[in-house]
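Student:
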Amino acid sequence: MPSHDLSSPPAPGQSICRSCWLAAPGLLWMGLFFLAPLALVFAISFASRGTYGGIVWEFTAANYLDLWHPLYGKILGQSLWYASLTTAICFVLGFPLAYMIARSPARWQPVLLLLVMLPFWTNFLVRTYAWMIVLRQDGLLNGLLLALGIVDAPLELLYTPTAVVIGLVYGYLPFMVLPLYVAVERLDPLLVEAAWDLYASRWAIFTRVVVPLTMPGIVGGCVLVFIPSIGSFITPDLLGGARSMMIGNLIQHEYLVVRDWPLGSAVSFVLMAIVMAAVALYYRHAARTAGPTEKR
Amino acid sequence: MRRGSTGLTLVSGLAMLFLYGPILVLVLYSFNAAHLSMAWRGTTLKWYAALWHDEALLAATANSLFIAAISTIGATVLGGLMALGMERMPLRRQQLIEGGLVLPLIIPEVMLGVALMLLFVMLKMPLGLTTVILGHIVFNIPLVTIMIRTRLRKLDPALREAAADLGADSWQVFRHVTLPLLRPAIWGAVLVAFTVSLDDFLVTFFTAGPGATTLPLKVYSMIKSGVTPEINALSALLLLISMACVALSLHLQRREV
Amino acid sequence: MATSSTPPFTASEQSLSSTPPTIDIRGIVRRHGAVTAVDRVSCQVRRGEFFSILGPSGAGKTSVLRMLAGFEDPDEGDLLIDGQSMLGVPPNRRPVNLVFQSYALFPHLTVFENVAFGLKMRRVSAALIAEQVRQALTMVKLLGKEARMPAQLSGGEQQRVALARALVNKPAVVLLDEPLAALDQQLRQAMQVELKSIQEQAGLTCVCVTHHQEEAMMMSDRIAVMHQGRLWQVGSPREVYERPCNLFVSRFLGVSNELAGTIGPSVGEDRLFQPTQAEQHPFTVRTVSTEQAGRSATLSLRPEHIRMAQERPSTSDPLLYGRIEKVLFTGSETKYLVRVGRDRLWETRMTSNTSLSSFAAGDPVFLHWSLADARLFFE
C-alpha cells in the first residue's frame, strides 16, 4: 500500500515537526479524561469494597471470581444471546435492504441511504420510547392484533426479552446496512450474472458468490451491530423487565444502587473484553481478506 | 437480476416500515387529546403548550443547549488542532492515535460514564454542568478529529505547495488556503458534535449532579415516572430538532464536494 | 448467402440446410423504455459455426447476446436453442455459457475453482471435475496455474480462464462478449488466432459480439451486421465485405470510397453513371436493377480494387481523374489520399516495395477499376 505517501506531505527532515505540537492539547485531554478514568476503573476492579460503599485498596481478584456466580453468569449469558440474536436479525433484514439500495438507480442511492440513516441521528431515548407506545399492553400493536382477530387477549410484549431485541434491532439496523451497502455496491453485478450463467441457483449465487465477496461488509456490519448491542443500557432499561437485564444495566446497578464499585468495575472490564474481542475479530478478518489481493 | 426483485422490495419495504412506523406513531400521539389512554380523543396542541409552561423543562433545555455549545466549541478546537497536528507525524504515530481515537467511539457508553464518574469522585470534583461538559468533550474530540482529517486527506497537496511557492509562509498557507478549504468540514463537525452532545444520555446520566438536569435526563425521568402525554410532544420536538441538524449538516457536506 | 436488407427475414430461407440450426432467433424485439434496442431480428446459427454479430456500440448486439444467455427476455419473438424455446428459461437452465467482456472471474476463487464452478453447480463428481478442468486448462494452455488467484494472472491469462470456464461445461453455444477488447493490440492478434483454433479443435459453436470488423472477419464463418437494433446483412466475411447490402454495411466493414451521381442510359448490359461533380466524365457501372435513368445513386469502391496510373490507361475500365493530396507510408503498404472532387477524398493503397510507387503529393493521377468491383447503392 503505497498510498500513505500521498496522504501526508513529505516531512521536512528528521527533526520533530513543529506543527505536531498542535495535537498535544487534544491528546492531553484524551489522556486525562479518557485513558486515566479507564485505568482507574481497571485498578478499582482489583480492589475491594468498603463496608459503606467506597473502596479499599487491597489487591484482590475476588471481583472477577464473583462474576462466576450464577446470577451474573445468567446476565452475561443473556446479554450475549440478545446481542447475537440482534446481530442475526439485523443481517436478515439489512442484507435485502442494502442489496436493494446498492442496485437501485444511482441518483436514488443517497436518498435511500439517508432514509435508513436518518432515525439513527434522532434521539435514542425518544426512539426507544416510541417502541414503548407501540408495545404497551394497550399499545398500537396489541390494538392491531386484537382488531384483526389474531389474538383474543392483549399480548405481554413490553418488558420482555422480545421487546429488548426489537429495540436493539431497531436501534442498530443502520449500522448493518451501511457497511453491507458499501460491500454490495463494490460487488461487480457481472459476477452474479457469471454465476447464474454457470448454472448456479439463486441460493448458490448467494452463498458462493455474494456472501464470500461481501464478507468484509458482513463482518463489519455484524461487529458494528454487536458492539453497541452488547453494551446497551437504555434499551433493556426501558423495554426490558427485571429478568431481561443486560451487562450495561448490571454495571449501572452495581455502581449506583448497590454501590459496589469494585464489582461494577470488574463487570465493566469483562464487557470491554467482549467488545475488544469483537473488534479484534474484525481486524483479523480485514487483514486476512486484504492479504491475498495485495500481493501479486 | 430483475426476476427476484419483488422479494427484495418487500423485505426492504418492511424494513422501512419498521424504521419509521414507531416514529410516526409517536408524532401522531403527540396530538392526541386523550390524557391517559391510547384511544384517540381528537387533535390538540395542548401538550405542546404545556411544555412551554414547564419551568423545569425549560431549565433542562437551557442546560442542554449550554452544555452542547461549550462542549462543541471545546471539542472543535481541540479536535481540529489534533487533526492538523497529526498530519505531519510519522505514519506509525498517526495510525496509533487514530486507533486510539476509535476507542471512545466503540467502548460501551455506560463504561465511559462510570469511568468519568469515578474520576470526578476521586478528584473530589462536584458533579454538575462542568463535569458534564468535560465528559462531552471526550466523546466529541474523536468525531471532530476524524471528520476534519478525512477532509484534510482529500485536499490536493499541490494547493498548499502552490501557495508556498507563491511566497506564503506556513501561517498564511493555513489562513488563506487550508482553513477556507476545511471550513465546510469544520461546520459539519460542529453540527455533528452539537447533535451528539444534545442527545447524549449515558455520559450525562453518570456525570451530572442533581443541579445539571439536561433534556434527555428529563425525558428519561418522565418516561420512568409514568407516561404523560407531554412527553410525546417533547419527543416529537426532539425528533424535529435532530432531523433539522442532520439536514443542515448534509447540506454543508454537499457543498463540500 | 446475403439476405435482404429489410427485416424480418423468412425462416424458410435457411431451413434448407440438412442439420437443424443450433440457434434459431425468430423476430425478437427488445425495448428499453422508449428505445427499441433490438428490432425484429431473425437469424440462425449452425452447429460448429463461429458466428459474429458485428456493429457499432449501441447497435443492440449486446442485448441479443444477453437474451441468448437468458439475462433478458425478448418482448416479442422467440428464441430456440437446439429446437427448444428458451423463453422464460433462466440462465442457469440454458445450455449456453458466456465469456464476459470483463471476464467476470470470481476474485475469491482460484483458477481451478473458477473453471470448476459450472460443473460443481451441476453436481458433477469431484473426480470428473478434476479431469475435465484439466482438459479445459490444457486446451487454453494454462496447465500448472490452477492454484493461482485471478488477480495474479495477466490479462491474457485471465481471458483464457474465462474461456476455459465456459467451454469446460461443453455448452451447445459459447457466447463471447467482445472477448478480446480488453487486450492490447499484439496479444489481441495472437489470441484471435488461438481462439479460432480452439474453436475449430473443440468443434464449438460460438456467437461472438464485437465492434471490431477486422477481428470479426478473421475469426468468423459468418457475420451478422447490426445497426440501430436491426440486422442488416448476414453472410460470410467475404460476402459482407465485397457485396455489402447498403452504405452503412459498406462503410462499417472497411474503407468505402464513394462518389455521388445519377444513373444514365444503358450501354449494352451496363449503365452509364454521371458523377455529380462536373469535372468528372461519366463512366459505366454494372447494376442488377432496372433503375430509371436520372435516379441518384452512390458508387462505392474498396481501396484495394482501385488502380492508379500517371498516364491515361488504355483500358475500357471505368476511369476517374484525381490529384494526390497525401502520401501515408504505413510500412508494408503506402496509402494515398486522392482528391476526386471538391469534397471527396478517396483512399487507395499500394504495396510499399513496388517500383511503381513513385507518386508524390500534388501529382495528377488516373484511377481505374474493374467494372465488377464497384458497388452501387440507391437512396
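Residue numbers (the working numbering), protein chains in the order written: chain A, 1 to 296; chain B, 297 to 553; chain C, 554 to 932.
Ideal Cβ positions, reconstructed from N, Cα and C, are used throughout, including at glycine.
Looking at C-alpha atoms only, which residue of C:GLN685, C:MET771, C:LYS698 is the closest neighbour of LYS723 (chain C)?
Tutor: Residue mapping note: residue 723 (chain C) aligns to position 170 of the third sequence, counting from 1. For LYS723 (chain C), the nearest C-alpha among the options comes from C:GLN685.
Student: ILE444 (chain B) and ALA379 (chain B) look like a contact to me (Cβ under 8 Å); what is the Cβ gap, rounded to whole Å?
Tutor: In the second sequence, residue 444 (chain B) corresponds to position 148, counting from 1. In the second sequence, residue 379 (chain B) corresponds to position 83, counting from 1. Right, the Cβ-Cβ distance comes to about 4 Å (below 8 Å), so this counts as a contact.
Student: Between the alpha carbons of ALA700 (chain C) and HIS285 (chain A), how many angstroms are there, rounded?
Tutor: The residue given as residue 700 (chain C) occupies position 147 in the third sequence. The residue given as residue 285 (chain A) occupies position 285 in the first sequence. Going from the Cα of ALA700 (chain C) to the Cα of HIS285 (chain A) covers about 22 Å.
Student: Determine whether the Cβ of SER84 (chain A) lies closer than 7 Å to any Cβ atom of chain B.
Tutor: Position 84 of the first sequence, counted from the start, is the residue given in the question as residue 84 (chain A). Among the residues facing chain B, SER84 (chain A) is not included, as its CB has no counterpart in that chain under 7 Å away.
Student: Counting only beta-carbon separations shorter than 7 Å, does SER19 (chain A) have a partner in chain B?
Tutor: Taking the first sequence and counting its residues from 1, one reaches residue 19 (chain A) at position 19. So, interface residue.
Student: Kindly list, in the order they appear in chain A, the residues whose Cβ is closer than 9 Å to that of PHE497 (chain B).
Tutor: Residue numbering aside, residue 497 (chain B) sits at position 201 when the second sequence is read from its first letter. Here the neighbours are ASN123, PHE124, LEU125, PHE233, ILE234.
Student: Cα separation between ALA242 (chain A) and TYR516 (chain B)?
Tutor: Locating residue 242 (chain A) in the first sequence gives position 242, counting from the first residue. Locating residue 516 (chain B) in the second sequence gives position 220, counting from the first residue. For ALA242 (chain A) and TYR516 (chain B), the distance between alpha carbons rounds to 18 Å.
Student: Going by alpha carbons, who is nearest to LEU213 (chain A) out of A:ASP197, A:LEU140, A:VAL192?
Tutor: Taking the first sequence and counting its residues from 1, the one referred to as residue 213 (chain A) is at position 213. The shortest C-alpha separation from LEU213 (chain A) is found at A:VAL192.
Student: Quick one: which chain B residues come within Cβ less than 7 Å of PRO37 (chain A)?
Tutor: The residue you call residue 37 (chain A) lines up with position 37 of the first sequence. Those are ALA411, LEU412, LEU414, LEU415, listed as they occur along chain B.
Student: Between which two residues does the beta strand (DSSP E) harbouring VAL642 (chain C) extend?
Tutor: Against the third sequence, residue 642 (chain C) aligns to sequence position 89. Per DSSP, VAL642 (chain C) lies in no beta strand (DSSP E) segment and is marked neither H nor E.
Student: In the segment 421 to 435 of chain B, which residues sit with their C-beta less than 8 Å from some C-beta in chain A, listed in chain order?
Tutor: Interface annotation for the segment 421 to 435 of chain B against chain A: LEU430, GLY431, ILE433, VAL434, criterion Cβ-Cβ distance under 8 Å.
Student: Consult DSSP for TRP899 (chain C) and reduce its assignment to one of helix, strand or coil.
Tutor: Numbered from 1 along the third sequence, position 346 holds the residue referred to as residue 899 (chain C). Under the three-state reduction of DSSP, TRP899 (chain C) is assigned to strand.
Student: Name, please, each residue of chain A whose Cβ falls closer than 7 Å to the Cβ of HIS661 (chain C).
Tutor: By one-based count along the third sequence, residue 661 (chain C) stands at place 108. Under the 7 Å cutoff, chain A gives PRO212, LEU213.
Student: What three-state label does DSSP hand GLY50 (chain A) in the structure shown?
Tutor: Counting from one through the first sequence, the residue named residue 50 (chain A) turns up at place 50. GLY50 (chain A) falls in the strand class under three-state DSSP.
Student: Determine, for TYR199 (chain A), whether the minimum Cβ-Cβ distance to residues of chain B falls below 7 Å.
Tutor: In the first sequence, residue 199 (chain A) corresponds to position 199, counting from 1. No, TYR199 (chain A) lies away from the interface with chain B (no Cβ there is under 7 Å from its Cβ).
Student: Out of B:ALA358, B:ALA311, B:PHE327, point me to the one whose CA is closest to TRP343 (chain B)'s CA.
Tutor: Within the second sequence, the letter at position 47 stands for residue 343 (chain B). The shortest Cα separation from TRP343 (chain B) among B:ALA358, B:ALA311, B:PHE327 belongs to B:PHE327.
Student: What is the DSSP secondary structure of ILE133 (chain A), counted as helix, strand or coil?
Tutor: Along the first sequence, one-based indexing puts residue 133 (chain A) at 133. The answer is helix: DSSP assigns ILE133 (chain A) an H, G or I state.
Student: Whole angstroms are fine: how far does the CA of VAL209 (chain A) sit from the CA of VAL307 (chain B)?
Tutor: The sequence position of residue 307 (chain B) within the second sequence is 11, counting from 1. The sequence position of residue 209 (chain A) within the first sequence is 209, counting from 1. Roughly 21 Å separates the two Cα atoms.
Student: If you compare alpha carbons, which of C:SER750, C:PHE912, C:LEU929 is closest to MET772 (chain C)?
Tutor: In the third sequence, the residue the question calls residue 772 (chain C) occupies position 219. It is C:SER750 whose Cα lies nearest to the Cα of MET772 (chain C).
Student: Give a yes or no on whether 7 Å exceeds the smallest Cβ distance from LEU315 (chain B) to chain A.
Tutor: The residue labelled residue 315 (chain B) in the question sits at position 19 within the second sequence. Cβ-Cβ to chain A under 7 Å: yes for LEU315 (chain B).
Student: Name, going along the chain, the residues of the segment 380 to 409 of chain B whose beta-carbon falls closer than 8 Å to a beta-carbon of chain A.
Tutor: LEU380, GLY381, MET382, GLU383, ARG384, MET385, PRO386, LEU387, GLN390, ILE393, GLY396, LEU397, LEU399, PRO400, ILE402, ILE403, PRO404, GLU405, VAL406, MET407, LEU408
Student: How is the beta strand (DSSP E) around HIS921 (chain C) delimited, first residue to last?
Tutor: In the third sequence, the residue the question calls residue 921 (chain C) occupies position 368. For HIS921 (chain C), the uninterrupted beta strand (DSSP E) segment begins and ends at 917 to 921.
Student: Sorted by chain position, which residues of the same chain lie with C-beta nearer than 8 Å to SER610 (chain C)'s C-beta, five sequence neighbours on each side aside?
Tutor: Position 57 of the third sequence holds residue 610 (chain C). The residues are HIS764.
Student: On the CB-based measure, 16 or more other CB atoms within 10 Å of its CB, does GLU625 (chain C) come out buried or exposed?
Tutor: In the third sequence, counting from the first residue as 1, residue 625 (chain C) sits at position 72. That one is buried.
Student: If the cut is a Cβ gap below 7 Å, which residues of chain B does ILE227 (chain A) touch?
Tutor: Here residue 227 (chain A) is taken as the residue at index 227 of the first sequence, counted from 1. ILE227 (chain A) reaches chain B at ILE402, counting residues in chain order whose Cβ is nearer than 7 Å.
Student: Please state whether DSSP places TYR889 (chain C) in a helix, a strand or coil.
Tutor: On the third sequence, position 336 is the one that residue 889 (chain C) refers to. Looking at TYR889 (chain C) - three-state DSSP - the assignment turns out to be strand.
Student: Taking 7 Å as the CB-CB limit, is ALA657 (chain C) close to chain A?
Tutor: On the third sequence, position 104 is the one that residue 657 (chain C) refers to. Cβ-Cβ to chain A under 7 Å: yes for ALA657 (chain C).
Student: Using the Cα positions of MET421 (chain B) and PHE502 (chain B), report the straight-line distance between them to the nearest angstrom.
Tutor: On the second sequence, residue 421 (chain B) is found 125 positions in, with the first residue counted as 1. On the second sequence, residue 502 (chain B) is found 206 positions in, with the first residue counted as 1. If you take the alpha carbons of MET421 (chain B) and PHE502 (chain B), they lie about 13 Å apart.
Student: Using DSSP with H/G/I as helix, E/B as strand and the rest coil, what is GLN786 (chain C)?
Tutor: To locate residue 786 (chain C), count along the third sequence from 1; it is residue 233. Residue state, collapsed to three classes: strand.
Student: Look at LEU112 (chain A) and GLY167 (chain A) and say whether their C-beta atoms are less than 7 Å apart.
Tutor: Taking the first residue of the first sequence as 1, we reach residue 112 (chain A) at position 112. Taking the first residue of the first sequence as 1, we reach residue 167 (chain A) at position 167. Not closer than 7 Å, so no.
Student: State yes or no: is the beta carbon of ILE519 (chain B) nearer than 7 Å to at least one beta carbon in chain E?
Tutor: Judged by its chain identifiers, the structure shown contains no chain E, and its protein chains are A, B and C.
Student: Return the CA-CA distance between VAL542 (chain B) and LEU511 (chain B), expressed in angstroms with no decimal places.
Tutor: Numbered from its first residue, the second sequence carries residue 542 (chain B) at position 246. Numbered from its first residue, the second sequence carries residue 511 (chain B) at position 215. Spanning the two alpha carbons is a distance of roughly 19 Å.
Student: With a cut-off of 8 Å, do at least 3 Cβ pairs link the segment 491 to 502 of chain B to the segment 350 to 368 of chain B?
Tutor: yes
Student: So, do the segment 728 to 738 of chain C and the segment 752 to 767 of chain C have three or more beta carbon pairs nearer to each other than 8 Å?
Tutor: With the cut-off at 8 Å, the segment 728 to 738 of chain C and the segment 752 to 767 of chain C touch.
Student: Taking contact to mean at least 3 C-beta pairs separated by less than 8 Å, is the segment 423 to 430 of chain B in contact with the segment 462 to 478 of chain B?
Tutor: no
Student: From the beta carbon of VAL41 (chain A), is the nearest beta carbon of chain B less than 7 Å away?
Tutor: For the purposes of this step, residue 41 (chain A) is taken as residue 41 along the first sequence, with counting starting at 1. Contact with chain B is found for VAL41 (chain A), since one of that chain's Cβ atoms lies less than 7 Å from the residue's Cβ.
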